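Reading through the structure tokens given below for one structure.
In the numbering used here, the protein residues as written are 23 to 386.
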């Protein structure tokens with residue numbers, strides 16, 4: 023198969039971690055007889071420096087012509103970076119928001135997996151961590167509170183702010199379909215998270231999800247209020263497989279799930295539209311303080327590349343080979359600094375970003 027992939031190195035550690043993901047993909051292509059065309063584009067601070075804007079129209083066109091987009095990370099230190107002295111629409115993150123909109127990326131997938139080899143890094147009690155977990159949070163990405171009408175006014179001499187939470191049934195239906203389709207390839211379980219005891223938008227959400235469920239008789243559906251879900255994630259994370267939720271709830275819950283997994287440096291993500299096209303990126307930021315020092319953990323980006331093979335190219339065997347290689351490297355005791363534990367240091371070997379990428383590639 024020919025894989026046409028647009029790459030966004032980005033800022034901070036982005037170029038380093040993306041380079042290692044490319045290295046792993048090229049090894050996969052060699053082993054499984056595929057051809058890969060990588061096309062790099064600028065976004066974020068790198069694009070601001072080169073073009074004065076965080077994303078050019080030419081970059082958008084190149085992304086649209088690809089089969090998928092693989093990204094490192096964007097942004098810098100908001101305190102010292104000159105990028106954050108610009109107006110908001112010209113800052114690095116505005117480029118990512120624009121790209122998501124241009125590509126109609128409405129479904130955000132964030133896995134949270136506690137690897138056996140990293141259980142000592144989990145902040146939960148040992149009896150909870152020992153059970154492990156492997157969940158996928160599916161978050162609606164282009165609607166809800168973040169995209170509703172907002173304004174700040176003065177009324178009776180007081181400042182008053184409004185943020186509007188809006189969903190229509192089609193927005194709910196398309197993300198629900200994604201969740202049920204993915205669940206049918208996992209454990210046939212969906213937990214839909216809302217606040218239906220208070221919010222009209224959540225009552226609509228629950229109603230539409232129930233309607234979609236009728237088309238997936240083999241998938242079990244249950245509903246959970248968001249406050250209870252936040253509690254259950256730290257009380258019994260093993261109960262979850264696919265979590266379906268709206269934009270703001272998903273933003274919060276996915277960050278919570280990332281922390282109980284031990285390190286955000288291990289967590290990939292995908293943002294999909296209604297086709298097989300997707301944008302794949304690690305869940306962590308650009309870590310400008312360690313950029314260029316060969317200290318970054320590339321595994322989240324490498325695992326994002328594996329997600330890309332699954333969701334955009336239907337290359338499940340190849341994706342599994344990358345995931346297996348990552349687990350093997352961890353089993354052999356290799357760690358970047360963020361997942362290195364002094365408690366088990368005698369059995370571990372600390373490595374840098376480049377070495378970790380090489381180790382994974384060698385094991386495919």
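A virtual CB, placed ideally from N, CA and C, is assigned to each residue, including glycine. Quantities reported herein were computed from a predicted structural model and do not represent experimental measurements.
Between which two residues does the beta strand (DSSP E) holding residue i run?
i	result
residue 29	24-32
residue 173	172-177
Give me the DSSP bridge partner(s) of residue i.
i	result
residue 300	294
residue 423	Within the shown structure, residues of the chain are numbered from 23 to 386, placing residue 423 beyond reach of any answer.
residue 216	247
residue 267	161, 215
residue 372	357
Grab the span of the alpha helix (DSSP H) containing residue i for me, first residue to last.
i	result
residue 185	From DSSP, residue 185 is part of no alpha helix (DSSP H) but of the beta strand (DSSP E) over 180-185.
residue 57	No alpha helix (DSSP H) contains residue 57, which is instead part of the beta strand (DSSP E) from 57-62.
residue 93	First-last for residue 93: 90-95, but that is the beta strand (DSSP E), not the alpha helix (DSSP H).
residue 324	321-333
residue 202	191-205
residue 8	This structure gives no information on residue 8, because the portion of the chain shown stretches from 23 to 386.
residue 87	79-87
Can you list, in chain order, the residues of its chain whose CB lies under 7 Å from that of residue i, leaving out five sequence neighbours each side?
i	result
residue 116	76, 110
residue 312	35, 318
residue 261	254
residue 90	27, 299, 300, 302, 330, 334
residue 104	none
residue 156	135
If you draw a straight line from the alpha carbon of residue i to that of residue j, how long is it in whole angstroms?
i	j	result
residue 70	residue 112	8 Å
residue 215	residue 102	38 Å
residue 195	residue 230	6 Å
residue 186	residue 278	24 Å
residue 141	residue 358	15 Å
residue 300	residue 178	48 Å
residue 56	residue 134	29 Å
residue 44	residue 61	11 Å
residue 139	residue 305	20 Å
residue 265	residue 247	12 Å
residue 227	residue 213	13 Å
residue 314	residue 281	25 Å
residue 147	residue 362	19 Å
residue 46	residue 244	38 Å
residue 31	residue 336	24 Å
residue 97	residue 239	44 Å
residue 169	residue 137	35 Å
residue 350	residue 188	45 Å
residue 252	residue 73	42 Å
residue 205	residue 374	36 Å
residue 119	residue 92	15 Å
Give every residue of the same chain whose Cβ lies closer than 6 Å to the Cβ of residue i, excluding the five residues on either side of it in the sequence, and list them in chain order.
i	result
residue 197	129, 162
residue 175	182
residue 369	355
residue 54	340
residue 154	136
residue 39	94, 318, 320, 323
residue 328	341, 344, 345
residue 218	224, 225, 228
residue 325	290
Quick check on DSSP: helix, strand or coil for residue i?
i	result
residue 238	coil
residue 122	helix
residue 282	helix
residue 115	helix
residue 50	helix
residue 145	coil
residue 306	coil
residue 379	helix
residue 39	helix
residue 318	coil
residue 384	helix
residue 76	coil
residue 208	coil
residue 229	helix
residue 104	helix
residue 345	helix
residue 276	helix
residue 313	coil
residue 166	helix
residue 140	helix
Leaving out five residues before and five after residue i in sequence, what residues of the same chain have Cβ atoms less than 8 Å from its Cβ?
i	result
residue 122	163, 164, 293, 301
residue 50	56, 331, 340, 343, 344, 386
residue 59	24, 25, 26, 27
residue 172	183, 184, 185, 186
residue 285	140, 143, 319, 360, 361
residue 234	195, 198, 199, 202
residue 397	Because the chain is modelled from 23 through 386, residue 397 falls outside the range shown and cannot be assessed.
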